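The structure under discussion appears below in the form of structure tokens.
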Amino acid sequence: METTSPPLFAEERRRSILNLLEKQNKVYVPELCEFFNVSPATIRTDLRVLDNEGVLKRTHGGAVNLSKAAYEPTSDFKLSQKNAEKKRIAEYAIELIKNGDTITLDTGTTTLELAKLLPSRHDLTVITNDIAIATYLEHNSGANIIMLGGIMRRGFNCTAGSMAAKMMEQFNVDKAFIASNAFSFETGFSTPSVEQAEIKRAMIHSASTVNVLIDSSKFNSSAFYRFAQLKDIDQLVTDNHLSSGDASRLHSCHETLKIAIV
Numbered sequence: 372m373e374t375t376s377p378p379l380f381a382e383e384r385r386r387s388i389l390n391l392l393e394k395q396n397k398v399y400v401p402e403l404c405e406f407f408n409v410s411p412a413t414i415r416t417d418l419r420v421l422d423n424e425g426v427l428k429r430t431h432g433g434a435v436n437l438s439k440a441a442y443e444p445t446s447d448f449k450l451s452q453k454n455a456e457k458k459r460i461a462e463y464a465i466e467l468i469k470n471g472d473t474i475t476l477d478t479g480t481t482t483l484e485l486a487k488l489l490p491s492r493h494d495l496t497v498i499t500n501d502i503a504i505a506t507y508l509e510h511n512s513g514a515n516i517i518m519l520g521g522i523m524r525r526g527f528n529c530t531a532g533s534m535a536a537k538m539m540e541q542f543n544v545d546k547a548f549i550a551s552n553a554f555s556f557e558t559g560f561s562t563p564s565v566e567q568a569e570i571k572r573a574m575i576h577s578a579s580t581v582n583v584l585i586d587s588s589k590f591n592s593s594a595f596y597r598f599a600q601l602k603d604i605d606q607l608v609t610d611n612h613l614s615s616g617d618a619s620r621l622h623s624c625h626e627t628l629k630i631a632i633v
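If you count the sequence shown from 1, position 122 lands on 493 in my numbering, and the numbers rise without skipping.
Shown next, in the form of structure tokens:
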């Protein structure tokens, strides 16, 4: 790092710290001291303020970008993101569901879009841990709904954890539709929440066919807890903003995996 001169005001310096994190994902106190020509106490104060604001995660000796930490946007925030892509993914996924199927819908805004299309199918049994999905189907469909019990995740409209996962393990389902916060070719599918990872694994293990619904913005990123690899699923459905390089790699990396780019 090159030293910045003259020293910045606190607000400017904190914005610069966030800009550095966008580029390199992790920063260290000694490097920031040299870069901004300030004391370690000043940098630690900056990191504490930014951590309290929820825009980075403090670590021993520095901080990490929240995309690399155990951070997850709330359901309300995610509802406003990539809506057109999520609708296209859902429109493809509904064609995979037949009358009389037993399915499980993971919590997520893409799976919620799929749930909105389920009234076109009859005699379904739907198992979910998503309260918004269960409520929508109760009011708008004749599906049999099984709501997985467990600890409520505040801000995420769902249940999670070992109780919900153990309940899921009792079922055999035709098709699972799984959401993912992140995907990389090196680490597979991941989520910031260990409780969510538990239930995703249970849904995958209970299903004859596993479909992951994931928009292209989640590619080439990773969260703290891995829950599946490409070999664990049958089909990946994503949107047509996926890069040509990633699309080619998907098609070549697992011979039995079905890829749908919509």
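In this text, a Cβ means the ideal position worked out from N, Cα and C, and glycines have one as well.
It should be emphasised that the depicted structure is a prediction, and the values quoted were computed from it without experimental measurement.
Checklist line | Complete runs of the alpha helix (DSSP H) confined to the region 533-581 [at least 4 residues] | finding: If we require 4 residues or more, the alpha helix (DSSP H) runs fully inside the region 533-581 come out as 533-539, 565-577.
Item checked: Where the beta strand (DSSP E) through residue 598 begins and ends -> Annotation: the continuous beta strand (DSSP E) that includes residue 598 extends over 596-599.
Item checked: Opposing strand residues paired with residue 433 [DSSP bridges] -> Residue 433 is bridged to 399, 430.
Item checked: At least 3 beta-carbon pairs within less than 8 Å: the region 377-394 vs the region 417-425 -> Cβ pair count under 8 Å is three or more, so yes.
Checklist line | Beta-ladder partner(s) of residue 524, from DSSP | finding: Looking at the DSSP output, residue 524 bridges to 529.
Note to self: Can you give me the C-alpha to C-alpha distance between residue 615 and residue 511, rounded to a whole angstrom?
What the structure shows: Roughly 39 Å separates the two Cα atoms.
Notebook entry, point to check: Does the region 559-569 come close enough to the region 527-537 that 3 or more CB-CB pairs lie under 8 Å?
Noted result: With a cut-off of 8 Å, the region 559-569 and the region 527-537 count as touching, because enough Cβ pairs lie within range.
Next item on the list: Quick one: measure Cβ to Cβ for residue 475 and residue 574, integer angstroms, because I've assumed they're closer than 8 Å.
Entry: By a beta-carbon distance limit of 8 Å, residue 475 contacts residue 574. Their separation comes to about 5 Å.
Check: Would you say the region 456-464 touches the region 430-439, given that touching needs at least three Cβ pairs under 8 Å?
Finding: For the pair of segments examined, the region 456-464 was found not to touch the region 430-439: the number of CB pairs separated by less than 8 Å stays below three.
Check: When the distance is taken between beta carbons, is residue 545 closer than 8 Å to residue 473?
Finding: Yes, they are a contact pair.
Next item on the list: Tell me the start and end of each unbroken alpha helix (DSSP H) in the region 472-527 that is at least 4 residues and wholly inside, in chain order.
Entry: Runs of the alpha helix (DSSP H) lying entirely within the region 472-527 and spanning at least 4 residues, in chain order: 480-486, 502-511.
Margin query: So for residue 613, helix, strand or coil by DSSP?
Written below: Correct three-state label for residue 613: coil.
Item checked: Pick from 541, 488, 611, 618 that is closest to residue 498, judged by C-alpha positions -> Taking residue 498 as reference, the option from 541, 488, 611, 618 with the minimal CA-CA separation is 541.
Next item on the list: Would you kindly report the start and end of the unbroken alpha helix (DSSP H) that includes residue 458?
Entry: Counting along the chain, the alpha helix (DSSP H) containing residue 458 begins and ends at 454-465.
Notebook entry, point to check: Quick one: what's residue 583 bridged to in DSSP?
Noted result: Beta-bridge pairing links residue 583 to 549, 607.
Notebook entry, point to check: In whole angstroms, what is the alpha-carbon distance linking residue 617 and residue 409?
Noted result: Going from the Cα of residue 617 to the Cα of residue 409 covers about 42 Å.
Note to self: Does the distance between the C-beta of residue 555 and the nearest non-hydrogen atom of the ligand SAH fall short of 7 Å?
What the structure shows: The ligand SAH is not part of this structure, which contains no ligands at all.
Next item on the list: Check residue 414 in the structure and name its three-state DSSP category.
Entry: DSSP places residue 414 in helix when its eight states are reduced to three.
Next item on the list: Would you mind sorting residue 611 into buried or exposed? The rule is 16 or more other CB atoms within 10 Å of its CB.
Entry: By the neighbour-count rule (16 or more Cβ atoms within 10 Å), residue 611 is not buried but exposed.
Item checked: Proximity below 8 Å, CB of residue 607 to CB of residue 630 -> Contact flag set, yes.
Check: By a C-beta neighbour count over all protein chains shown, 10 Å radius and 16 as the cutoff for buried, is residue 620 buried or exposed?
Finding: Counting Cβ neighbours within 10 Å, residue 620 comes out exposed, since fewer than 16 surround it.
Notebook entry, point to check: Which partner residues does residue 631 have in the DSSP bridge list?
Noted result: As computed with DSSP, residue 631 is found in a beta bridge with 608.
Note to self: Is the separation between the beta-carbon of residue 485 and that of residue 560 shorter than 8 Å?
What the structure shows: Contact flag unset, no.
Margin query: Using C-beta distances below 6 Å, list every residue in its chain close to residue 441, excluding the 5 sequence neighbours before and after it, in chain order.
Written below: With a pLDDT of 49 at residue 441, under the threshold of 50, the modelled position of this residue cannot be trusted; read the value that follows with caution. Same-chain partners within the cutoff: 563, 595.
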